[in-house]
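Q: The following block contains the structure, expressed as C-alpha cells.
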Amino acid sequence: MRPQRVPIGRILRPHGVRGELKVELLTDEATRFDSVGRVTAARNGVDLGEFEVAGWRPLGRAIGLKLVGIDTPEAAFPLRNALLEAPALPAEALPENTYFVYDLVGLRVVSENLEHLGEVIDVVQVPSGELLVVKAGGTEHLVPLVQDFVKRIDLAEKVVTLHLVPGLLDL
C-alpha cells in the first residue's frame with residue numbers, strides 16, 4: 000500500500016540566527032521542497048506539526064531550509080533529528096522502470112528459478128548508481144540495481160527477480 004506521506008528530508012540542526020534548518024536530503028531533488036508547499040515534521044512516529052516552506056538554498060551536501068513561523072534558533076532546536084514528510088507522488092508521475100524506494104522496500108526477492116532469496120530492506124545511493132539492500136538469512140547483501148542482475152520488478156506481485164551470478168550475494 001502506497002503511503003500518504005513520504006520522508007523527503009531529515010533536520011540535522013538549526014543553522015544561523017534566523018531559524019533556518021540544516022536538512023539532509025532524502026529525495027533525489029531539492030526542488031521537491033518547492034513543489035510541496037507544506038511539510039510535516041515527525042520524530043519516532045509522532046507528528047511535531049505541519050509547516051509551510053518559505054524557501055531553501057544549497058548548503059554543502061545538505062540544504063538550508065526556512066519554514067514559516069520558525070524564526071529563531073530556539074524555535075528550530077526542538078525540530079532537530081525530525082523527518083520532514085511530504086505527500087506521496089502518484090506512481091503515474093514516474094518514468095518507466097523507475098520506482099520509489101518505499102515501493103521496493105518489503106518486496107520478496109527470488110532467483111529466476113523462483114528460489115526465495117530474501118527481502119528488500121532498503122535502497123542506497125552510491126556514486127555508480129543504486130544498490131538494493133537484500134536481507135537473506137540474517138545477512139544483508141548489496142545488489143546493484145541494474146538490468147544485468149535485477150531482471151524483473153513486479154509491484155503487483157510484490158517480487159523482485161534476480162539473475163544470480165557467482166558471488167552476487169557475497170557483496
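Numbering that gives the first Met the number 0 puts the sequence shown at residues 0 to 170. Ideal Cβ placement from N, Cα and C applies to all residues, glycine included.
Sorted by chain position, which residues of the same chain lie with C-beta nearer than 6 Å to Gly54's C-beta, five sequence neighbours on each side aside?
A: Within the same chain, Gly54 has close Cβ partners Lys65.
Q: Note down, in chain order, each residue of its chain lying with its Cβ closer than 6 Å to the Cβ of Met32, except the 5 sequence neighbours on either side.
A: Reading the sequence as shown, one finds Phe at residue 32 and not Met. Taken in chain order, the residues that qualify are Val52 and Trp55.
Q: So who's on the other strand from Arg116, going by DSSP bridges?
A: The sequence shown places Leu at residue 116, not Arg. Looking at the DSSP assignment, Leu116 forms no beta bridge with any residue, so it has no partner.
Q: Quick check: the Cα distance between Tyr101 and Val5, rounded to an integer number of angstroms?
A: 8 Å
Q: Assess contact between the stretch 93 to 110 and the stretch 35 to 48, defined as three or more Cβ pairs (one per stretch) separated by less than 8 Å. Is contact present?
A: no
Q: What is the DSSP secondary structure of Arg60, counted as helix, strand or coil?
A: coil
Q: Would DSSP call Ala85 helix, strand or coil?
A: strand
Q: Give the secondary structure of Pro143 by DSSP, where H, G and I count as helix, E and B as strand, and everything else as coil.
A: It is a strand residue.
Q: By Cβ distance below 8 Å, which residues in the same chain neighbour Leu168 in space, the five residues on each side in sequence not counted?
A: Leu116, Val133, Ala135, His140 and Val142
Q: Along the chain, where does the beta strand (DSSP E) containing Leu20 start, and where does it finish?
A: For Leu20, the uninterrupted beta strand (DSSP E) run begins and ends at Glu19 to Leu24, by DSSP.
Q: Take the Cβ of Val123 as the centre, count every other Cβ of all protein chains shown within 10 Å, and call the residue buried at 16 or more, exposed below.
A: exposed
Q: Arg107 and Glu118 - do their beta-carbons sit closer together than 8 Å?
A: yes
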